[in-house]
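Asker:
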Amino acid sequence: MTHGVALPARGANLSLLTRKIGWLCQAIRALAIFYALLALWGFHHAWATRAPYELTAMNVFHLDVTGATAAQWNAVLAMSLCLWLFVAALSFCVFRLFSLYLNGEVLTGEAALWLRRVGIAGLLAILADFVERSAVVYALGAHLPESAHTKHIFIGTEDVIHVILALTLIALGHIQKTAADIADEHSQFV
Amino acid sequence: MPIVVNLDVMLAKRKMRSRDLAQQISIAEQNVSLLKSGKVKGVRFDTLEKICEALGCQPGDILEYRPEEPPKA
Chain B
43 MTHGVALPAR
53 GANLSLLTRK
63 IGWLCQAIRA
73 LAIFYALLAL
83 WGFHHAWATR
93 APYELTAMNV
103 FHLDVTGATA
113 AQWNAVLAMS
123 LCLWLFVAAL
133 SFCVFRLFSL
143 YLNGEVLTGE
153 AALWLRRVGI
163 AGLLAILADF
173 VERSAVVYAL
183 GAHLPESAHT
193 KHIFIGTEDV
203 IHVILALTLI
213 ALGHIQKTAA
223 DIADEHSQFV
Chain X
177 MPIVVNLDVM
187 LAKRKMRSRD
197 LAQQISIAEQ
207 NVSLLKSGKV
217 KGVRFDTLEK
227 ICEALGCQPG
237 DILEYRPEEP
247 PKA
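So the protein lines, in turn, are chains B and X. Each residue of the first sequence is one higher than the one before, counting from 43 in the working numbering. Each residue of the second sequence is one higher than the one before, counting from 177 in the working numbering.
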């Protein structure tokens with residue numbers, strides 16, 4: 043790396059790219075915020091109405107949790123809010139990444155770093171969701187006899203694809219870091 | 177570095193300032209300064225072409241190869 047980094051020429055390619063994906067970046071940022079708010083509302087709604095949790099417990103685990111106490115339901119809400127923190131972190135990372143893209147910082151180390159963070163946050167959210175769903179069913183069925191508690195763990199096919207997507211983003215983050223280093227090297231050609 | 181940039185010499189000969197050259201060839205003045213001091217990794221052909229056109233010179237007037245002296249035993 044030479045002293046006094048040459049000013050990168052904001053090439054026509056980069057300007058064109060920024061114009062092309064501008065609306066996409068805005069839409070994704072809006073969706074990230076919307077998703078975080080929707081998840082929060084969804085958790086509260088499910089806790090307030092109870093029906094979604096009761097249905098899942100009955101349909102998947104054959105557990106009748108309609109007799110759960112208020113304390114058990116409050117524990118469910120607490121778990122859901124903990125999960126929501128992971129969702130919020132993921133939404134923040136997505137928002138931050140696409141803010142950088144909107145600012146024209148596409149092939150930069152910082153953009154690569156936030157892309158990797160999106161992948162990691164996504165992976166953590168998936169794992170947290172996996173733990174939370176089982177913990178919720180366990181909490182709601184705590185008042186039931188031991189014989190009723192057979193299994194609380196379930197993995198859907200969509201979980202696998204979510205993990206694949208999260209890992210893909212982490213890999214792309216590393217790839218983009220290398221691309222940013224190459225772009226930085228090229229910018230030192232005047 | 178074996179490749180020496182003599183841009184400052186040519187600018188002096190043509191009585192042109194770095195800023196004016198930068199404007200003529202449409203690159204940032206900072207890049208012209210970096211080029212003068214040899215602190216860039218390379219020069220594109222089109223930049224070299226514009227410099228030669230602006231200064232009325234040959235690439236060899238701007239770039240010189242000076243091999244590094246071998247370390248004395």
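Think of the CB as a built atom: it goes at the ideal place given N, C-alpha and C, for glycine as much as any other residue.
Should W65/B be labelled buried (16 or more other beta-carbon atoms within 10 Å of its own) or exposed?
Answerer: The residue in question, W65/B, is exposed, as its Cβ has fewer than 16 Cβ neighbours within 10 Å.
Asker: Scan the stretch 196-226 of chain X for residues whose Cβ lies nearer than 7 Å to a Cβ of chain B and list them as they occur along the chain.
Answerer: So the close ones are I203, A204, Q206, N207, L210, L211, K215, V216, K217, G218, V219, R220 and T223.
Asker: Once DSSP output is grouped into helix, strand and coil, what is the label at V185/X?
Answerer: Three-state result, V185/X: helix.
Asker: Between which residues of its own chain and G146/B is the CB-CB distance below 8 Å, once the five residues before and five after are set aside?
Answerer: For G146/B, where only same-chain residues beyond five positions count, the Cβ hits under 8 Å are R52, L56, S57 and T60.
Asker: Please list, in chain order, all residues of the same chain as Q234/X whose beta carbon is under 7 Å from its beta carbon, the five residues on each side excluded.
Answerer: Excluding residues within five positions, the ones whose Cβ falls inside 7 Å are C228.
Asker: For S194/X, which residues in the same chain have their Cβ closer than 8 Å to its Cβ, ignoring the five residues on either side in sequence?
Answerer: Excluding positions up to five away in sequence, the list reads L187, E205, V208, S209 and K212.
Asker: Quick one: complete alpha helix (DSSP H) runs, 4+ long, within the stretch 139-192 of chain B?
Answerer: The qualifying runs are 151-182.
Asker: Under the assumption that A181/B contacts M121/B (Cβ atoms under 8 Å), give the Cβ distance between them as a whole number of angstroms.
Answerer: With 8 Å as the limit, A181/B and M121/B qualify as a contact, their Cβ atoms being about 7 Å apart.
Asker: Given this structure, state the Cα-to-Cα distance separating F172/B from D226/B, to the nearest angstrom.
Answerer: So the two alpha carbons sit approximately 40 Å from each other.
Asker: Flag this pair as touching only if the stretch 90-98 of chain B and the stretch 160-169 of chain B have three or more C-beta atom pairs under 8 Å; answer yes or no.
Answerer: Short answer: they don't touch.
Asker: Looking at L186/B and the ligand MG, is the gap between the Cβ and the nearest heavy atom below 6 Å?
Answerer: Absence of the ligand MG is noted for the structure shown, with no ligands found whatsoever.
Asker: Can you tell me which residues form a DSSP beta bridge with L239/X?
Answerer: Answer by DSSP bridge pairing, in chain order: V181/X.
Asker: I'd like to check one pair, L139/B with W156/B: are the Cβ atoms closer than 7 Å?
Answerer: Yes, Cβ-Cβ distance for W156/B and L139/B is below 7 Å.
Asker: Could you give the distance in angstroms between the alpha-carbon of D106/B and the alpha-carbon of T150/B?
Answerer: Their backbone Cα atoms lie some 53 Å apart in a straight line.
Asker: Which residues, taken in chain order from the stretch 211-227 of chain B, show a beta carbon closer than 9 Å to some beta carbon of chain X?
Answerer: Listed by position, the residues of the stretch 211-227 of chain B near chain X (Cβ gap below 9 Å) are E227.
Asker: Just list the alpha helix (DSSP H) runs in the stretch 88-134 of chain B, keeping only unbroken ones of 4 residues or longer that don't cross its boundaries, in chain order.
Answerer: 93-103, all fully within the stretch 88-134 of chain B.
Asker: Thinking C-beta only, is A81/B closer than 7 Å to W115/B?
Answerer: For W115/B and A81/B, no; Cβs fall outside 7 Å.
Asker: Could you give the DSSP three-state label for G64/B: helix, strand or coil?
Answerer: Looking at G64/B - three-state DSSP - the assignment turns out to be helix.
Asker: Please report the straight-line C-alpha distance between E188/B and E200/B, rounded to a whole angstrom.
Answerer: Using only the alpha carbons, I get a separation of about 30 Å.
Asker: Give every residue of the same chain whose Cβ lies closer than 7 Å to the Cβ of S141/B, excluding the five residues on either side of it in the sequence, and list them in chain order.
Answerer: The answer, listed in chain order, is R71.
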